Every structure is written in structure tokens, then in C-alpha cells.
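Below: the structure, in C-alpha cells.
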Amino acid sequence: MRVVVLISGSGSNLQALIDGQRHGTLPIEIVGVISNKTAVRGLLRAEQAGIPAIALEHTAYDSREAFDTALRERIDALTPDLVVLAGFMRILTPGFTRHYEGRMFNIHPSLLPKYQGLHTHRRVLESGDTEHGVTVHFVTDELDGGPPILQAKISVHPDDDEKTLAARVLEQEHRIYPQAVEWFGRGRLRLHQGTVFLDNEPLGPSGYLIDVTHS
Ligand code: NHR
Ligand code: GAR
């Protein structure tokens, strides 16, 4: 399965996929990495793994549509089976998301549908929630609103700050993103009329749930 990964920053989720590919546990070939920001660590990680990596700066385009058209051309030249948003920080236009419907994933650091958008860890702490987590979902034009595939739920500790909480969420991201990609690569996962199916069974509104609140 050919995979293109879109990033904006450190690329630790990209690294988890690279590691899975390298160890032979993930049936994928990452055929390209594209960042909308230059000089980010994720691009270095790709280069170090021998993966073609480019920066395509959104600031060089005068509209979201123009950037998305250029991005789509770059991606489609790589003929991917799956597009993976891994810490990608630009909102995508409806034409773009429709083009990759059913074959584009995002990982979002909250228990969707809670806390769509940015600064999720801070908002969880401000709300006094005792549980938090991360969601892998199919991307649709509804921002962070596409159908969930897989969620990992963790506990919020009384002494948590944004940093400690983000770190524990990230640990789960590195487990569940490769898992979801593996399912797709083995043909076990599909999106049909807004419902996610795993092994031909419809998943519920949270996707497949992994509860790590007691570990
Ligand atoms: N695009 C669509 N259409 N649908 C989704 O579900 C998307 C998406 C693009 C990115 C990731 C998402 C997240 O996991 C994602 C999901 C960026 C923003 C944002 O506000 C919001 C959500 C997500 C990513 N971006 C600002 C913008 O104007 C820029 C912020 C910045 O550069 O720091 O694009 O949270
Ligand atoms: C991850 O926590 C990811 O869930 C989050 O950014 C981090 C990227 O880390 N994504 C978003 O907030 C999307 N808006 P990484 O670059 O090390 O994979």
C-alpha cells in the first residue's frame, strides 16, 4: 500500500509509521512526505529514512484553493492508496477532502466529538475533565468531524499540565496510528456511506475504542 504523509512539524507520528514500515510490521511503503512548513524536524526524519520529502509552503499561494490544488497535484503524482495527515495544521478545502474521501486519515488529540479544533489539551484541563484521549478518523470537509476509526482513552492526572498530558496522549498516538494504517493496508477497513466498517462489521460512533485509563 502506497502512503503519502502530510506534516507541519516534528513528525513523531510519521516516525512511528516509518518504524513500522522498517520493522516489517506495517504493510506500507511511504512514497512521499509533504510539509506545508520548511525546515521542520519531520522533513529530516523522512530524509533520514530515504523517503522523498518536500516543503510546499501555503504562504506562497494566494488562496486556500490554490494551495490545495498544488498540494493535490503533488500527492496524486505519487499515486497513493492512502493519505495520512500527521500533525498537519492547514484546514483543507471541500474539493480536496472529497477527492480523497475514504482514503485520507487524520489523528486528532481529543476524544472526538469533544474538542474539535486546536489547543485540545489546554481545553481539557480548563474543563476539569478526568478523561482525555486521541482519535484517528476519516477526513471529510467537516473539520475534525469525519467518522472515527479508532480511539484511545487515557486518564487525566490531578497534577497534569498541558505538557505532561500531551506527552501521554502522544504515546497513544504512536500506538493507534500505525494500527489504523495497518487495518487499511490489509483491506480490513472501509468507509461506506458515512459508516466505518472493520472486517465488515460497522464500528460505533467512536470507532474502535482502546481504554488505557487503568494502565
Ligand atoms: N481539513 C478538513 N477539511 N477536515 C479535517 O477534518 C481536517 C482538515 C485539515 C486538518 C487536522 C486538524 C486537527 O487534527 C485537520 C483536519 C488545523 C486546524 C486549523 O485551525 C484545525 C484542525 C486541524 C488542523 N488550522 C489553521 C488554518 O487556518 C492554521 C493553524 C496553524 O497554522 O497553526 O488552517 O486538529
Ligand atoms: C499530535 O499530537 C497530533 O495529534 C496533533 O499534533 C501533534 C503532531 O505531532 N495534531 C493536531 O493538533 C492537528 N491539528 P507530530 O508532528 O510529532 O506527529
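Residue 178 in numbering that gives the first Met the number 0 is what sits at position 179 of the sequence shown, and the numbering runs on without skipping anything.
We put the beta carbon where it would ideally sit given N, CA and C, even for glycine.
None of these values were measured; they are calculated from a predicted model.
Given the structure, does residue i come close to ligand 2, in the sense that its CB is under 7 angstroms from one of the ligand's heavy atoms?
i       : result
Ser-11  : yes
Glu-172 : yes
Ile-6   : yes
Met-103 : no
Gly-132 : no
Residues in its own chain within less than 8 angstroms of residue i by CB, not counting five upstream and five downstream?
i       : result
Gly-206 : Thr-134, Val-135, His-136, Pro-146, Pro-147, Ile-148, Leu-149, Gln-150 and Val-195
Asp-198 : Arg-187
Ile-175 : Ile-106, Val-133, Val-135, Leu-149, Gln-150, Ala-151 and Ile-209
Leu-25  : Leu-16, Gly-19, Pro-177, Val-180, Glu-181 and Gly-184
Gly-193 : Pro-146
Gln-115 : His-107, Ser-109, Leu-142, Asp-143 and Gly-144
Among the candidates the options, whose CA atom is the shortest distance from the CA of residue i?
i       : options                            : result
Arg-44  : Leu-202, Thr-212 and Asp-18        : Asp-18
Val-204 : Ile-74, Gly-144 and Glu-28         : According to the sequence shown, residue 204 is Pro rather than Val. Pro-204 has its Cα closest to that of Gly-144, out of Ile-74, Gly-144 and Glu-28.
Arg-185 : Ile-27, Val-3 and Leu-16           : Ile-27
Ala-232 : Asn-35, Leu-70, Ala-54 and Gln-20  : In the structure as shown, the chain starts at 0 and stops at 214, and residue 232 therefore has no counterpart that could be examined.
Lys-113 : Tyr-99, Met-103 and Glu-130        : Glu-130
Arg-154 : Ser-62, Gln-171 and Leu-142        : Note on residue identity: the sequence assigns Ser, not Arg, to residue 154. Closest by alpha carbon: Gln-171.
Asp-160 : Val-138, Ser-126 and His-173       : Ser-126
Val-138 : Ala-59, His-156, His-22 and Pro-93 : Pro-93
Arg-73  : Phe-95, His-22 and Asp-61          : Phe-95
Looking only at its own chain, which residues have a Cβ that is under 6 angstroms from the Cβ of residue i, when we skip the five neighbours before and after it?
i       : result
Gly-101 : Leu-190
Ile-209 : Ala-151
Ala-85  : Val-4, Ile-6, Asn-12 and Leu-13
His-57  : Asn-35, Phe-66 and Arg-89
Ile-50  : Ile-29 and Val-32
Arg-167 : Ile-153
His-173 : Ala-15
If we call anything under 8 angstroms between Cβ atoms a contact, is residue i one with residue j?
i       : j       : result
Asp-158 : Arg-97  : no
Val-211 : Lys-162 : no
Arg-1   : Asp-75  : no
Val-82  : Met-103 : yes
Ala-165 : His-120 : yes
Leu-70  : Leu-55  : yes
So does residue i have its beta carbon nearer than 7 angstroms to some heavy atom of ligand 1?
i       : result
His-107 : yes
Leu-117 : yes
Phe-66  : no
Leu-91  : yes
Thr-96  : yes
Asp-140 : yes
*Below 8 angstroms, can you find three or more Cβ-Cβ pairs linking the segment 89-97 to the segment 65-80?*
The segment 89-97 makes contact with the segment 65-80; the number of CB pairs closer than 8 angstroms reaches 3 or more.
*Hey, is the segment 36-43 in contact with the segment 5-13, meaning 3+ C-beta pairs nearer than 8 angstroms?*
Taking 8 angstroms as the limit for Cβ pairs, the verdict is that the segment 5-13 does touch the segment 36-43.
*asked:* Does the segment 27-35 come into contact with the segment 105-112, if we say contact requires no fewer than three beta-carbon pairs (one atom in each stretch) closer than 8 angstroms?
replied: No: fewer than three Cβ pairs fall under 8 angstroms.
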